[in-house]
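This report concerns only the one structure given below.
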Amino acid sequence: MWCTERAPAAIPIGEQPEDMGARILGTAPPRNGTRFTVIDFPPGNAPHMHRTETIDYVIVLDGEIEMDMDQSSVTLKKGDILIQRGTNHAWANRLGIGNPVTGAQSAR
Numbered sequence: 000m001w002c003t004e005r006a007p008a009a010i011p012i013g014e015q016p017e018d019m020g021a022r023i024l025g026t027a028p029p030r031n032g033t034r035f036t037v038i039d040f041p042p043g044n045a046p047h048m049h050r051t052e053t054i055d056y057v058i059v060l061d062g063e064i065e066m067d068m069d070q071s072s073v074t075l076k077k078g079d080i081l082i083q084r085g086t087n088h089a090w091a092n093r094l095g096i097g098n099p100v101t102g103a104q105s106a107r
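Here it is as structure tokens:
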């Protein structure tokens with residue numbers, strides 16, 4: 000949904016800033032930047048273990064989602080908040096319910 004190139008973010012007054020929401024965005028934010036996204040994990044998605052050098056602020060907007068880690072798994076429900084700090088993890092929708100999850104990633 001939105002991305003900043005650096006922190007603190009530039010907030011130009013009286014200028015036409017680039018619409019960062021119109022960019023094609025990858026997963027990780029740019030170095031020293033931030034990224035805010037909303038992701039829908041379809042039922043039966045194939046979880047992919049990965050790690051990013053970011054701090055992720057995750058809020059579950061609806062349904063339930065599981066976050067798998069190296070040694071454990073945690074189930075998050077609507078309204079739950081998770082701070083994910085650069086660990087190996089994967090997202091799994093094993094419950095068969097559409098799960099919009101919102102997340103913000105901090106500078107890496």
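According to numbering that gives the first Met the number 0, the stretch in the sequence shown is residues 0 to 107, in order.
Built from N, CA and C at the ideal position, the CB exists for glycine as well.
All values reported here derive from a predicted model rather than from experimental measurement.
Proximity test, Cβ basis, 9 angstroms: residue i and chain B
i: Asp69; result: Chain labels in this structure do not include chain B; a single protein chain is all it has.
Burial state of residue i (16 or more Cβ within 10 Å)
i: Pro11; result: exposed
i: Met66; result: buried
i: Asn31; result: exposed
i: Val57; result: buried
i: Asp69; result: exposed
Proximity winner among the options, relative to residue i (alpha-carbon distances)
i: Arg50; options: Ala6, Ala8, Asn87; result: Asn87
i: Arg93; options: Gln83, Thr74, Leu81; result: Thr74
i: Ala91; options: Asp69, Ile82, Lys77, Glu63; result: Glu63
i: Gln83; options: Asp55, Arg5, Ala8; result: Asp55
Cβ-based neighbour list, residue i, same chain, cut-off 6 angstroms, excluding 5 preceding and 5 following
i: His47; result: Ala89
i: Asp109; result: Since the first and last residues shown for the chain are 0 and 107, residue 109 lies out of range.
i: Gly95; result: Pro42
i: Ser72; result: Glu65
Chain-order list of residues whose beta-carbon lies under 7 angstroms from that of residue i (same chain, five-residue window excluded)
i: Arg5; result: Asn31, Gly32
Worksheet item: Taking only runs of the beta strand (DSSP E) that begin and end inside the region 26-93, which ones reach a length of at least 3 residues, in chain order?
Response: 33-40, 54-59, 63-68, 72-76, 80-84, 88-91
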